[in-house]
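Residue numbers (the working numbering), protein chains in the order written: chain A, 1 to 146; chain B, 1 to 153. Every residue, glycine too, gets a C-beta built ideally from N, C-alpha and C. A quick note: this is a predicted structure, and the numbers were derived from the prediction, not measured.
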Amino acid sequence: MSVTETPLSAAPVALTAGEAMPESTAGPLTRTDIVRYAGAGGDLNPIHHDEPLAQAAGFPTVFGMGMLHAGMLGVRLARWVGPDNLKTYKVRFVGQVWPGDVLTFTGAVASVDDGVATLELAVASSTGGEVLRATATATVAAAVAA
Amino acid sequence: MIDPDLVGKELGSVRFPVERSKVYELARALHDDDAVWHDPEAARAAGFERVPLLPTATVLADHWRPDGALAPAIALGADLNRLLHGEAAWEFLRPVAVGEELRATTRVVDVTTREGKRGGTMTLATIATDFVAPDGEVAIRRVDTLVETGAPA
Chain A
1 MSVTETPLSA
11 APVALTAGEA
21 MPESTAGPLT
31 RTDIVRYAGA
41 GGDLNPIHHD
51 EPLAQAAGFP
61 TVFGMGMLHA
71 GMLGVRLARW
81 VGPDNLKTYK
91 VRFVGQVWPG
101 DVLTFTGAVA
111 SVDDGVATLE
121 LAVASSTGGE
131 VLRATATATV
141 AAAVAA
Chain B
1 MIDPDLVGKE
11 LGSVRFPVER
21 SKVYELARAL
31 HDDDAVWHDP
41 EAARAAGFER
51 VPLLPTATVL
61 ADHWRPDGAL
71 APAIALGADL
81 NRLLHGEAAW
91 EFLRPVAVGE
101 ELRATTRVVD
111 VTTREGKRGG
121 TMTLATIATD
131 FVAPDGEVAI
141 RRVDTLVETG
151 APA
């Protein structure tokens, strides 16, 4: 599904333990996606856009900067919980993202305590498995009894 | 080579506007073209008082540093061909709206070394950046771990 199908919420969202973030994908990632992020995010490390330089440094080709898929997961997380309700977001980069990869974004509520949800999220690539693991906390609304 | 003597030192401070054109460009680069991220009218229609900030928009400070996103790594003395981004963590202490101005100040929290799995000594640097609002309050705190892998034998 397209990312923008979930409207952004200003108010805290009701979430309960075990609930999942709407799964979404991005890609196949192009070199243009990487270059666009380099310009937008101010990361002009040539290892991400200069093919001969990346190969001379021992890589098969250029690869995406971590902040590209961390940012893509971040907007999905913000869509899920509402941007102003996010308290913390922590990402650990565990793999690289290459041109041609399709990325899958997932997340779930680990627990809810005192109106704050702890969330566990991940990004997986079509060629390398898990590339990013994340945790986040967000203020949530009380679940409405069914 | 990351310099361990930099622990506790400031790596630079930059004041920057959280500007809607740059936020729009960033949101598009993240494949999310929702007008709420940059248009005050769309934000109001969605129930926001002000245009909300997307979580990783702290990177916009990098446009105001001479070396961009690489500025802290260069200031640390890291070898850029052996540099990896290990972790990034944000604490959102109060909402920031598009249109505000922030000052980002980065300091070195820790530098440690560890034997790498593929030989050589890895150096890990932890740097923290405070994004301070004009009223002096820290609005966002970001902590990054940069990894310099071992030099080839």
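Alpha helix (DSSP H) containing residue i: first to last residue?
i	result
residue 43 of chain B	40–45
residue 61 of chain B	That residue, residue 61 of chain B, is in no alpha helix (DSSP H); it is neither H nor E in DSSP.
residue 76 of chain A	66–81
residue 17 of chain B	Counting along the chain, residue 17 of chain B falls outside any alpha helix (DSSP H), though it belongs to the beta strand (DSSP E) covering 10–17.
residue 32 of chain A	31–41
residue 142 of chain A	From DSSP, residue 142 of chain A is part of no alpha helix (DSSP H); its letter is neither H nor E.
residue 55 of chain A	51–56
residue 74 of chain B	71–76
When we look at the beta-carbon of residue i and count the other beta-carbons within 10 Å, is it buried (16 or more) or exposed?
i	result
residue 23 of chain A	exposed
residue 9 of chain A	buried
residue 80 of chain B	exposed
residue 41 of chain B	exposed
residue 144 of chain B	buried
residue 27 of chain A	buried
residue 43 of chain B	buried
residue 18 of chain A	exposed
residue 2 of chain B	buried
residue 137 of chain B	exposed
residue 136 of chain A	buried
residue 173 of chain B	Chain B is shown from 1 up to 153; residue 173 of chain B falls before or after that span and cannot be answered.
residue 142 of chain B	buried
residue 60 of chain A	exposed
residue 108 of chain B	buried
residue 102 of chain A	exposed
residue 1 of chain A	Unreliable positioning characterises residue 1 of chain A in this predicted model, as indicated by a pLDDT of 43, which lies under 50. The coordinate reading is nonetheless provided below. So residue 1 of chain A ends up on the exposed side.
residue 88 of chain B	buried
residue 69 of chain B	buried
residue 41 of chain A	buried
residue 149 of chain A	It is not possible to answer for residue 149 of chain A, since the shown part of chain A is limited to 1 through 146.
residue 114 of chain A	exposed
residue 129 of chain B	buried
residue 110 of chain B	exposed
residue 135 of chain B	exposed
residue 10 of chain B	exposed
residue 79 of chain A	buried
Provide the residue(s) that pair with residue i in DSSP beta bridges, ordered along the chain.
i	result
residue 90 of chain B	A:89 and B:142
residue 112 of chain B	B:124
residue 122 of chain A	A:106 and A:133
residue 9 of chain A	DSSP lists no partner for residue 9 of chain A.
residue 28 of chain B	The partner list for residue 28 of chain B (beta bridge, DSSP) is empty, contrary to what the question assumes.
residue 85 of chain B	B:146
residue 131 of chain B	B:104 and B:140
residue 112 of chain A	A:117
residue 52 of chain B	B:97
residue 20 of chain A	A:108
residue 14 of chain A	A:141
Can you tell me where the beta strand (DSSP E) with residue i in it begins and where it stops?
i	result
residue 26 of chain A	24–26
Just to confirm, does residue i get its C-beta within under 7 angstroms of one of the non-hydrogen atoms of the ligand ATP?
i	result
residue 23 of chain A	Among the components modelled here there is no ligand, and therefore nothing to report on the ligand ATP.
Chain C beta carbons: is any one of them nearer than 8 angstroms to that of residue i?
i	result
residue 122 of chain A	Looking at the structure shown, chain C is missing, and the protein chains on hand are A and B.
Check: Using Cβ-Cβ distances below 8 angstroms, what residues of the segment 85–114 of chain A are close to chain B?
Finding: 86, 87, 88, 89, 90, 91, 92 and 93
Margin query: Please list, in chain order, the residues of the segment 40–52 of chain A that have any C-beta partner in chain B closer than 8 angstroms.
Written below: Residues 40, 41, 42, 43, 44, 45 and 47.
Checklist line | the segment 118–129 of chain A contacting the segment 64–76 of chain A, beta-carbon criterion three pairs below 8 angstroms | finding: yes
Checklist line | Where the segment 67–85 of chain A meets chain B: residues whose CB sits under 7 angstroms from a CB there | finding: 67, 70, 71, 72, 74, 75, 77, 78, 83 and 84
Next item on the list: Name, going along the chain, the residues of the segment 29–44 of chain B whose beta-carbon falls closer than 9 angstroms to a beta-carbon of chain A.
Entry: 29, 30, 31, 32, 33, 34, 36, 37 and 43
Notebook entry, point to check: Would the segment 45–56 of chain A and the segment 38–53 of chain B be scored as touching if the rule is three or more Cβ pairs under 8 angstroms?
Noted result: In this structure the segment 45–56 of chain A does not lie against the segment 38–53 of chain B, because fewer than three pairs of beta carbons, one per stretch, are closer than 8 angstroms.
Next item on the list: With 7 angstroms as the limit, tell me which residues of the segment 56–80 of chain B have their beta carbon closer than that to any beta carbon of chain A; keep them in chain order.
Entry: 56, 59, 62, 63, 68, 69, 70 and 80
Next item on the list: Pull out every residue of the segment 5–33 of chain A whose Cβ sits closer than 8 angstroms to any Cβ of chain B, in chain order.
Entry: 7, 8, 9, 10, 11, 26 and 33
Margin query: If the cut-off is 7 angstroms on Cβ atoms, which residues from the segment 88–111 of chain B count as contacting chain A, listed in chain order?
Written below: Going along the segment 88–111 of chain B in chain order, one finds 88, 89, 90, 91, 92 and 95 with a Cβ nearer than 7 angstroms to chain A.
Margin query: Across the segment 132–141 of chain A and the segment 112–125 of chain B, are there enough close Cβ pairs to call them in contact, namely three or more that are closer than 8 angstroms?
Written below: The segment 132–141 of chain A vs the segment 112–125 of chain B: no contact.
Margin query: For the pair the segment 7–17 of chain B and the segment 95–104 of chain B, tell me if three or more CB-CB distances fall below 8 angstroms.
Written below: yes
Check: Is there contact here, the segment 68–83 of chain B with the segment 90–98 of chain A, by at least three beta-carbon pairs under 8 angstroms?
Finding: Cβ pair count under 8 angstroms is below three, so no.
Next item on the list: Mind checking the segment 14–27 of chain B against chain A and listing, in chain order, the residues whose C-beta falls within less than 8 angstroms of any C-beta there?
Entry: 22, 25, 26 and 27
Notebook entry, point to check: Does the segment 121–128 of chain B come within contact of the segment 20–31 of chain B, defined as at least 3 CB pairs closer than 8 angstroms?
Noted result: Contact between the segment 121–128 of chain B and the segment 20–31 of chain B is absent, because fewer than three Cβ pairs lie under 8 angstroms.
Check: What residues from the segment 110–142 of chain B come within 7 angstroms of chain A, judged by C-beta to C-beta, listed N to C?
Finding: Interface annotation for the segment 110–142 of chain B against chain A: empty, criterion Cβ-Cβ distance under 7 angstroms.
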